[in-house]
Structures are given as C-alpha cells and as structure tokens.
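Asks: Questions regarding the structure given below will be posed in turn.
Protein chains: 2
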Amino acid sequence: MIQSLTDSDREHLQEALNRSGQKVTAQRETVFSVLLAERDHPTVDEVFNRAREAMPGLSLATVYNCLETFVSCGLVRQVNHERESTRYCPNLAPHAHFRDKETGRVHDIELPPEVIKSLRSILPPGFDSEVIEISFLGRAQGTDKNSN
Amino acid sequence: MIQSLTDSDREHLQEALNRSGQKVTAQRETVFSVLLAERDHPTVDEVFNRAREAMPGLSLATVYNCLETFVSCGLVRQVNHERESTRYCPNLAPHAHFRDKETGRVHDIELPPEVIKSLRSILPPGFDSEVIEISFLGRAQGTDKNSN
DNA sequence: ATTGCGGATTAGACTCATTCTAACTGATTA
DNA sequence: TAATCAGTTAGAATGAGTCTAATCCGCAAT
C-alpha cells in the first residue's frame, strides 16, 4: 500500500529538487513515496505499477523522468546488474549490493570506510575515482523477508 | 591486424571447449584470437568488425554465440557498465575494472587477495558470494596508450 | 481576469543491444 | 548413404530505455 510522504521526507525531496532548480510536483512526490515505502530496489516497471495505485493517470515516461531527476539531484541511486533492468534505491549511504542468485533480490551491504579506503588504495597512480560500484552475486540464507 | 592463435593459446581454447563438451571451430578460433590480439574490452560489435577482417562471412549471431560459449566455459569474462553494451575480456585473474569517464576506456586493476578477503568479510552471516564485481568510475591520467 | 512563459507531463514512435527462430552446413556415426 | 547433431546463419522479434511533439499547468506580467 502506498502512503504519502512524511513531512520530513517531503522536505528532503523539496530541498534536493530546489537545490538543482527543479520543482516539486504531485508525480514526483508519488514516485518518491513509492521508493521510500518499500526499499526493495524496484525496476521502473515496478515503480510504475505501484505508483499507479495512488495516481492512475501517471505515465511510464514520467516515471522515467522522475527517477532520472532524482538521480541527477542525488536523491536516489541507480543499481545495474548485468544487463537487467535498472533498479532504484533511495539509500545514499555508501553501500554495496548483494544479488541473490535464486530469488533475484538485491540486498544492501554496508560498506565500512576502511574497506573503501583499501579499495581506493589498489588504484595505480594517476587513476582517480569518484564512484566505486561493488556487487556480490551469490546465495543469501535466512533472508526470506527483510532488507531486500 | 588479426593474427592467428599461438599453439599454446589454441591449446588453451581446445582444452576449455572440450572440458565443457564443445568443439573447436574456425569461427571460435577467429573470435578468440580477436579477444587475445587487443585486450581493450571490445563490445560484440567491435569483435564482430575485427573478426570479419579475417573471416568475412562471419555473422553477428555467431559472434554472440561464440562469446557466450567462452563465458560459459570460463575462458572469458563479461564486463558490464551501467547499461552500455557488454564488453568482453580474456583476463581471468581476479581484477576490478576502471572506466575512464572521458575516454570510455576500461582498464584492468589488479585485485590483491587481501582486498578480496576484506570485501568478503563485510558480508553478514548467511550471505555467500561466488562472484564479486568491482568497478571504478573516474579519470585516468597518462594512460593515453596501453592497458585499456 | 487574461495572457504568455517555461517546466512538467503525456502517448506513442523510435532505437538498438540482445535473443530467438528456423533453415542450412558439414562433420561424424550407424 | 543416410541419419544425426552441433554449429552457423539471416533475419525477425523482444524489450528497456529514449526521443518527440503536443498538451498541461502554475505563475508572473500586463
């Protein structure tokens, strides 16, 4: 079930959009609330279907637009795995992704600063990296429910 | 320019194919030699164009088939970045990829065992991973030529 | 209260990497 | 020689994502 944004989430959205010169709209609020409601790294289609429950006239193109907007203003991260559909997650803390081979679910894995540092340290001189993507592929046990 | 395989490379190919019950064919040799000739993580299209020089009748579907075969028998790794075309590399030693934002080039980054270990150690209990993909995005300086 | 403007939204057309299909080839086995 | 079977081929189909052009809507200026 979709619920509308809390005041603090709405503020967060507004602040980020304004910062990059864009407006809060009903569609953007709806799409953002879908991302926050269930943190299971949905695809565009999944976001679309969920958002339609709350806003039946919403178009797929708008969902693409909204998500792209959120990514560009740093509200949301894209998660790509192999060549599957892009997924979206609102967790901005540095984290890796673990993809369960069997269920297809994506889990966030916390990424301690010292691990990031050790990764950066393997870059030869002259290589300067802004973004590091880390994804595990395997089997996760006893995770039938939560944190997908 | 495409050169044919060295004896040892041909043997390597043969051994891997046989191991998984598949045959050495002229097309597979050609495609494999393209991968070995220039280790710049080519896309399927790039492989196709290079291979056509040596074997004009070769079809794109066959290039897809050959590459898939190599991946399935562990001869070659797929490299995906965002949703760009899949690239292929014959470097099987554990390594990360560094993508140059400006040039689009992909560089291999050696991955020391202790870094792999520290990465595995961040997985919560119950998570078992076979594959870890690591990719950096940034700027590489003074790499105008080599090791793309 | 109108009008004009610009960003946002929309439906549908389009792209393009990849996959699928069905016919064909060619080597090996019966 | 026929049957078999993996591999190859051209072209059609798929599907995620992007583009386009029309419309909508809120707001500022008249």
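Chains A and B supply the protein sequences, listed in that same order. Note that the first sequence covers residues 2 to 149 in the numbering used here. Note that the second sequence covers residues 2 to 149 in the numbering used here. C-beta: ideal position from N, C-alpha, C; glycine also.
Could you tell me whether any Cβ in chain A is nearer than 9 Å to the Cβ of E83/B?
Replies: Locating residue 83/B in the second sequence gives position 82, counting from the first residue. Judged by the 9 Å Cβ criterion, E83/B is in contact with chain A.
Asks: Can you have a look at A97/B and say buried or exposed, based on whether 16 or more other CB atoms are within 10 angstroms of its CB?
Replies: Sequence index remark: in the second sequence, residue 97/B carries index 96 (1-based). Result: buried.
Asks: Which residue marks the beginning of the beta strand (DSSP E) containing V45/A, and which one marks its end?
Replies: Residue mapping note: residue 45/A aligns to position 44 of the first sequence, counting from 1. It is not in any beta strand (DSSP E) - V45/A instead sits in the alpha helix (DSSP H) that spans V45 to A55.
Asks: How many angstroms separate the CA atom of Q4/A from the CA atom of G75/B?
Replies: What you label residue 4/A is simply residue 3 of the first sequence in a count that begins at 1. What you label residue 75/B is simply residue 74 of the second sequence in a count that begins at 1. Cα to Cα, Q4/A sits roughly 47 Å from G75/B.
Asks: For a test of the three-state rule: what should DSSP assign to S136/A, helix, strand or coil?
Replies: Working through the first sequence from its first residue, we reach residue 136/A at position 135. The answer is strand: DSSP assigns S136/A an E or B state.
Asks: Can you find at least 3 beta carbon pairs, one from the segment 11 to 18 of chain B and one from the segment 129 to 136 of chain A, that sit closer than 8 Å?
Replies: Cβ pair count under 8 Å is below three, so no.
Asks: Buried or exposed: which applies to L36/B, given that a residue is buried once 16 or more other Cβ atoms fall within 10 Å of its Cβ?
Replies: For the purposes of this step, residue 36/B is taken as the residue at position 35 of the second sequence. L36/B is buried by the Cβ-count criterion.
Asks: Going straight from the alpha carbon of F49/A to that of T87/A, what length do you get?
Replies: Sequence index remark: in the first sequence, residue 49/A carries index 48 (1-based). Sequence index remark: in the first sequence, residue 87/A carries index 86 (1-based). Cα-Cα distance, rounded: 13 Å.
Asks: Mind checking which residues open and close the alpha helix (DSSP H) that includes Q15/B?
Replies: The residue labelled residue 15/B in the question sits at position 14 within the second sequence. Q15/B -> alpha helix (DSSP H) spans D8 to R20.
Asks: Does the beta carbon of P153/B come closer than 9 Å to any beta carbon on chain A?
Replies: Outside the displayed span of chain B (2 to 149) sits residue 153/B, for which this structure offers no information.
Asks: Whether or not the segment 60 to 69 of chain B and the segment 24 to 35 of chain B are in contact is what I'm after, with contact meaning three or more pairs of Cβ atoms, one per stretch, closer than 8 Å; do they touch?
Replies: Output reads yes: the segment 60 to 69 of chain B touches the segment 24 to 35 of chain B.
Asks: Straight-line CA distance for L120/A to V116/B?
Replies: Reading the first sequence from its first residue, position 119 is the one you call residue 120/A. Reading the second sequence from its first residue, position 115 is the one you call residue 116/B. Roughly 7 Å between the two C-alpha positions.
Asks: Please work out which residues of its chain come closer than 6 Å, Cβ to Cβ, to M56/A, disregarding the five sequence neighbours upstream and downstream, and give them in chain order.
Replies: Here residue 56/A refers to the residue found at position 55 when the first sequence is read from its first residue. Same-chain partners within the cutoff: T31.
Asks: Report the rounded CA-to-CA distance for I123/A versus E111/B, giving the unit in angstroms.
Replies: Counting from one through the first sequence, the residue named residue 123/A turns up at place 122. Counting from one through the second sequence, the residue named residue 111/B turns up at place 110. Between I123/A and E111/B, the C-alpha separation is close to 7 Å.
Asks: Examine chain B for any beta-carbon lying closer than 9 Å to the beta-carbon of S5/A, and answer yes or no.
Replies: In the first sequence, the residue the question calls residue 5/A occupies position 4. It does not; no Cβ of chain B falls within 9 Å.
Asks: Which one or two residues does DSSP pair with I1/A in a beta bridge?
Replies: There is no way to answer for residue 1/A, as the model of chain A reaches only from 2 to 149.
Asks: I'd like to know whether the C-beta atoms of R106/A and F137/A end up nearer to each other than 9 Å.
Replies: Here residue 106/A refers to the residue found at position 105 of the first sequence. Here residue 137/A refers to the residue found at position 136 of the first sequence. No, the Cβ-Cβ distance between R106/A and F137/A is not below 9 Å.
Asks: For D46/B, would you say it is in contact with chain A, using Cβ-to-Cβ distances shorter than 9 Å as the test?
Replies: One-based indexing of the second sequence puts residue 46/B at position 45. Judged by the 9 Å Cβ criterion, D46/B is not in contact with chain A.
Asks: Between which two residues does the alpha helix (DSSP H) harbouring V64/B extend?
Replies: Here residue 64/B refers to the residue found at position 63 of the second sequence. Here the alpha helix (DSSP H) through V64/B covers L61 to S73.
Asks: Can you give me the C-alpha to C-alpha distance between I135/B and P113/A, rounded to a whole angstrom?
Replies: On the second sequence, residue 135/B is found 134 positions in, with the first residue counted as 1. On the first sequence, residue 113/A is found 112 positions in, with the first residue counted as 1. Taking the straight line joining both Cα atoms gives about 16 Å.
Asks: Below 6 Å CB to CB, which residues in the same chain sit around H82/B once its five sequence neighbours on both sides are set aside?
Replies: Indexing the second sequence from 1 puts residue 82/B at position 81. So the qualifying residues of the chain are R100.
Asks: Answer yes or no: does any C-beta atom of chain A fall closer than 9 Å to that of F71/B?
Replies: The residue labelled residue 71/B in the question sits at position 70 within the second sequence. By this cut-off, F71/B is not an interface position.
Asks: Between T87/B and chain A, is any beta-carbon pair separated by less than 9 Å?
Replies: The residue labelled residue 87/B in the question sits at position 86 within the second sequence. T87/B counts as touching chain A.
Asks: Who are the neighbours of D129/A on chain B, taking C-beta pairs under 8 Å?
Replies: Taking the first sequence and counting its residues from 1, the one referred to as residue 129/A is at position 128. What D129/A touches in chain B: G139, R140, A141 and Q142.
Asks: So what does DSSP say about E30/B, is it helix, strand or coil?
Replies: The count along the second sequence starts at 1 and reaches residue 30/B at position 29. Helix.
Asks: Where does N149/A fall in DSSP's three states?
Replies: Within the first sequence, residue 149/A is the residue found at index 148, counting from 1. Residue confidence is low: N149/A scores 38 on pLDDT, short of 50, so the model does not pin down where it sits. No coordinate-derived value is stated.
Asks: Pick helix, strand or coil for V35/B, following the three-state DSSP scheme.
Replies: Within the second sequence, numbered from 1, the residue matching residue 35/B stands at position 34. Correct three-state label for V35/B: helix.
Asks: Does P43/A pass the burial test, meaning 16 or more other C-beta atoms within 10 Å, or should it be called exposed?
Replies: As a position in the first sequence, residue 43/A is number 42, starting the count at 1. When all chains shown are included, P43/A counts as buried.
Asks: For H42/B, decide whether its Cβ has a neighbour in chain A, counting only Cβ atoms nearer than 9 Å.
Replies: Numbered from 1 along the second sequence, position 41 holds the residue referred to as residue 42/B. With 9 Å as the cut-off, H42/B does not count as an interface residue toward chain A.
Asks: How would you list, in chain order, the residues of chain B whose beta-carbon sits under 8 Å from the beta-carbon of V132/A?
Replies: The count along the first sequence starts at 1 and reaches residue 132/A at position 131. Going along chain B in sequence order, the residues near V132/A (Cβ under 8 Å) are F137, L138 and G139.
Asks: Go through its chain and collect everything with a Cβ distance to E103/A's Cβ below 7 Å, but skip five positions before and after it.
Replies: Sequence index remark: in the first sequence, residue 103/A carries index 102 (1-based). These residues qualify, in order along the chain: R140.
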